[in-house]
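Per this note's numbering: the sequence shown = residues 29 to 725. C-beta: ideal position from N, C-alpha, C; glycine also. If you're wondering where the values come from, they're calculated on a predicted model, not measured in any experiment.
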Amino acid sequence: MIVTTPPSDPSALRSGAVARARELLAGLTVPEGCALVATGSLARGDMTPHSDLDLLLLHPAGTDPDLADFWYPVWDSSFRVDHAVRTPSECVNMISADSTAALALLEMSHVSGDAELTARTRAAVLTRWRTEIHRNFNALVDTAIARWRRFGSVVAMTHPDLKNGRGGLRDLGLIRALSLANLCDEPPLAEERGLLLDVRTLLHTHARRRRDVLDPEFAEDIAAELGLTDRHELSARLADTARRIDAAVTTALATARSALGTRVRGQRRPLDVDVVDDHGEITLSRRPDLSDPALLLRVAAASARTGLPVAPHTWQRLRELPELPEILPAAAAEDFFALLSSPLHTADVVNELDRHGLWVRLVPEWAHIRGRMPRERTHIHTIDQHSLVTVANCAAVGVSVARPDLLLLGALFHDIGKGQGRPHEQVGAEYVARMARRLDLHLPDRSRVQTLVAEHTTIARLASRFDPAADDTLDLLLDAVRYDRDTLDLLEVLTGADARATGPGVWNARLEAGLRTLVGRARRALVLAAPLRPYVHASAEIGLRANPEEDTLTVSWRGTDPQPVLALIAAKAWKITAARIAVADELHAEFDARPTVQTLAEAADEPAFVQAYKSGVYTELPGIPPAPTLMTWRGQVLEVRTGDRIGALGALIAVLPPVSWLSVTTPGATMIAQAAFAGPVDRRKVGRDVTRVLGTG
């Protein structure tokens with residue numbers, strides 16, 4: 029007899045459901061020579077009162093068992109049933125045909141009938157799985173990635189899918205399948221599995237049906253039944269659990285890929301000082317300087333730029349690096365902004381840094397929002413993940429503002445002050461001011477980014493609650509941005525990125541129209557500072573000096589064609605961080621650059637550099653990948669904004685008409701070039717040429 033249990037005992041609820049299913053199936057008369065097999069939750073022993081009953085009747089090839097009345101008791105029961113009838117060979121063939129079905133068959137468990145038939149079938153299925161995994165591995169990974177994209181991450185979502193989300197129960201099944209293929213060890217995750225099962229069991233009980241998405245209205249009661257303070261503590265527990273499962277599945281897939289020999293073919297190539305692409309994984313050089321704390325940021329920035337994963341053993345070595353200084357060196361600050369600049373990869377790299385305990389070295393305030401559920405029900409992500417989605421949205425349109433570095437920093441910190449008992453805009457502004465100081469930003473820039481965070485809700489509030497066409501509303505916005513045009517531009521972009529990252533319907537036609545009206549009026553009321561001609565004087569044809577305080581080199585040059593010196597800089601894999609060109613009797617230029625494959629001391633060899641330039645060997649500029657590119661005319665001055673990459677400046681200069689001056693900065697991994705021309709130009713042709721060589725328009 030089956031004993032009912034109180035709803036607060038999820039383990040007993042599962043045991044009761046399994047017992048009821050076994051009792052039902054014990055009453056079935058399996059045809060002679062056949063076997064009844066369980067898959068799914070019954071096979072794993074983790075059924076809930078509302079789980080499906082997944083059954084498979086095995087029969088020998090060449091037989092046709094009489095099943096006219098066999099399934100009726102199951103159909104008439106309270107269980108939802110998914111059943112099939114197959115021969116052993118049909119089961120084996122499914123391993124090759126359907127990776128999802130293959131994972132289910134790997135879990136088969138004998139219920140009744142011919143136990144030897146079940147054992148033979150399971151052995152044959154395992155054998156085929158182990159022989160076919162090499163061919164099917166990429167399809168298996170693609171299926172998992174598609175699932176993660178569809179259902180999101182248990183860590184990141186305010187309505188997490190406990191079964192299908194990344195870091196959920198299906199990922200435990202994936203790890204199990206890889207271990208059965210002898211491609212990895214199965215890590216000890218019983219505690220993590222237990223929490224997910226307990227929450228899912230209670231969710232089924234409260235919803236009174238099968239359900240995998242944990243909504244806040246259920247989370248509060250479930251947290252109480254599990255003895256937790258509130259749904260926020262439950263969310264934090266689930267996030268920690270999902271992070272460990274996510275880390276385990278990432279390691280399992282990497283181990284399996286290595287065991288199968290499916291790593292990307294290629295050679296070791298340097299990405300930055302002591303940072304190497306080793307056959308598709310980022311590792312350290314053979315003799316890295318492990319006393320250099322900035323190595324952490326070089327690795328992270330390289331991963332964000334390239335999308336390459338950091339090798340597992342590299343994370344351990346990075347954890348052993350000394351702490352970063354209170355004020356970051358210029359090169360390290362540049363790498364921090366590069367880390368934030370990838371729309372596709374920044375979130376993954378930050379989450380990996382956080383998983384290994386390294387992100388809080390950079391942003392200690394992150395610990396407070398990690399996995400924290402927002403109070404607003406419009407949010408679909410936890411606060412930390414919402415912040416990263418906002419950063420990604422800003423990175424995707426970074427060329428639309430003059431200071432993408434401040435935009436990315438503001439996006440990262442805009443909600444970091446939540447949950448502190450004070451207005452989060454105020455707390456976030458205090459935090460971002462500290463970070464801006466650590467990044468050694470100039471005082472006006474610290475003020476801008478502090479205003480950006482403090483006022484990040486202002487445009488949406490004014491556009492939705494006030495009349496955007498009213499003068500009083502305009503005055504409120506101008507006061508908020510301190511009558512600064514750059515701050516206005518940053519706030520406009522952050523407002524849209526934040527709304528789009530929040531949830532469906534938050535960014536809508538009404539808000540967009542109000543924003544366009546209000547910001548357009550504010551922009552017309554503010555005067556944009558005129559671009560300034562740089563002062564440059566090169567005393568010799570070519571020269572080189574080191575700037576140790578900024579960890580950069582300055583190349584000085586004068587002549588008629590800058591292509592050879594730019595080709596040499598690109599060949600040495602030096603990244604240009606700023607440039608100044610002006611015409612006197614001839615072109616005079618200074619290029620500030622940072623070495624990426626040498627230390628500053630190794631690169632600052634002026635005689636060798638001058639000799640390489642005068643050899644005439646370096647004349648061709650490298651090809652560059654396309655990137656988002658934006659062009660605007662400010663009077664007679666052309667401003668070009670594009671993704672920063674080695675060779676971009678040379679490609680731009682090669683297609684521009686003769687200039688009277690040109691200046692370049694690279695904030696936030698974006699190259700911003702301003703050029704004034706020596707005479708009249710065809711603006712359409714200039715636009716076509718720049719788009720052709722730099723990017724996507």
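Margin query: Which same chain residues end up closer than 8 Å to V292 when comparing Cβ atoms and leaving out the 5 residues on each side of it in sequence?
Written below: Residue placement at V292 cannot be trusted, given a pLDDT of 48 that sits under 50; the coordinates are not used to answer.
Next item on the list: Would you give the residue range spanned by the beta strand (DSSP E) that S313 belongs to?
Entry: Here S313 belongs to no beta strand (DSSP E), and DSSP marks it neither H nor E.
Item checked: Rounded straight-line distance, which links the Cα of T115 to that of F165 -> 25 Å
Item checked: Proximity to S286 [Cα-Cα], best of R221, A420, A264, C212 -> C212
Margin query: Spatial neighbours of V102 within its chain, please: C-beta separation below 8 Å, excluding the five flanking residues on both sides.
Written below: L52, L53, L56, L81, L83, V109, H111
Checklist line | Residue from G222, D94, A152 whose Cα sits closest to the Cα of T76 | finding: G222
Next item on the list: Go ahead and label S69 buried or exposed: buried means 16 or more other beta carbons lie within 10 angstroms of its beta carbon, across all protein chains shown.
Entry: buried
Notebook entry, point to check: If you run the structure through DSSP and keep just helix, strand and coil, what is M122?
Noted result: helix
Margin query: Could you give the first and the last residue of the continuous beta strand (DSSP E) run that contains G456?
Written below: Here G456 belongs to no beta strand (DSSP E); instead the alpha helix (DSSP H) covers 452–466.
Check: Are A595 and L649 closer than 8 Å when you measure CB to CB?
Finding: yes
Notebook entry, point to check: Which first and last residues belong to the alpha helix (DSSP H) in which E618 is found?
Noted result: That residue, E618, is in no alpha helix (DSSP H); its beta strand (DSSP E) goes 615–623.
Margin query: Only counting the same chain, and skipping five residues up and downstream in sequence, which positions put a Cβ closer than 6 Å to that of E220?
Written below: T269, R272, I273
Item checked: D503, buried or exposed, once every other Cβ within 10 Å from all chains shown has been counted against 16 -> exposed
Margin query: Give me, in chain order, the residues of the same chain whose beta-carbon lies closer than 7 Å to that of V625; leave out the 5 immediate sequence neighbours on both sides.
Written below: P298, V301, A601
Note to self: Quick check: the Cα distance between L572 and G678, rounded to an integer number of angstroms?
What the structure shows: 18 Å
Checklist line | Beta-bridge pairing of E667 - partner residues as DSSP gives them | finding: T660, Q702
Notebook entry, point to check: From this set, E458, T515, T67, which residue's C-alpha is nearest L480's C-alpha?
Noted result: T515
Next item on the list: Select from R265, A282, T342, P321 the residue whose C-alpha is nearest the C-alpha of L311.
Entry: One detail in the question is off: residue 311 reads as Thr in this sequence, not Leu. Measuring from the Cα of T311, the nearest candidate turns out to be T342.
Next item on the list: Report, in whole angstroms, the separation of the C-beta atoms of R389 and L435, which I expect to be a contact under 8 Å.
Entry: That belief does not hold up - the Cβ atoms of R389 and L435 are roughly 23 Å apart, past 8 Å.
Check: Distance, Cα to Cα, P402 vs I411?
Finding: 6 Å
Check: Beta-carbon separation of P437 and V477 under 8 Å?
Finding: This sequence places Leu at residue 437; Pro is not what is there. A contact, by the Cβ cut-off of 8 Å.
Item checked: First through last residue of the beta strand (DSSP E) which encompasses L505 -> Unbroken run through L505 is the alpha helix (DSSP H), 499–508; no beta strand (DSSP E).
Check: Less than 8 Å separating the beta-carbons of L230 and P532?
Finding: no
Next item on the list: Give the DSSP bridge partners of R573, in chain order.
Entry: T582
Margin query: Taking the straight line between their C-alpha atoms, what separation do you get for G524 and Q591?
Written below: 40 Å
Item checked: Sufficient close CB pairs (3 or more, under 8 Å) joining the region 634–646 to the region 657–666 -> no
Item checked: Rounded distance between the beta-carbons of H187 and D104, thought under 8 Å -> Actually they do not touch by this definition, with Cβ atoms about 35 Å apart.
Next item on the list: Express the C-alpha separation of I674 and G723 in angstroms, rounding to a whole number.
Entry: 14 Å
Notebook entry, point to check: The alpha helix (DSSP H) spanning G438 covers which residue range?
Noted result: 432–441
Check: So does the region 369–379 actually touch the region 332–350, counting three or more Cβ pairs closer than 8 Å?
Finding: yes
Item checked: Buried or exposed (CB count within 10 angstroms, at least 16 for buried), T91 -> exposed
Margin query: Counting C-beta neighbours from all protein chains within 10 Å, is the total for T660 16 or more, i.e. buried, or is it exposed?
Written below: exposed
Next item on the list: Output the distance between the C-alpha atoms of G141 and I444, rounded to the nearest integer angstrom.
Entry: 60 Å
Check: Over what stretch of residues does the beta strand (DSSP E) that includes S141 continue unbroken?
Finding: Ser is not the amino acid found at residue 141; the sequence shown has Gly there. Run containing G141: 137–141, per the beta strand (DSSP E) assignment.
Check: Looking only at its own chain, which residues have a Cβ that is under 6 Å from the Cβ of D512, when we skip the five neighbours before and after it?
Finding: none
Check: Using the beta-carbon count (16 or more within 10 Å), is S79 buried or exposed?
Finding: buried
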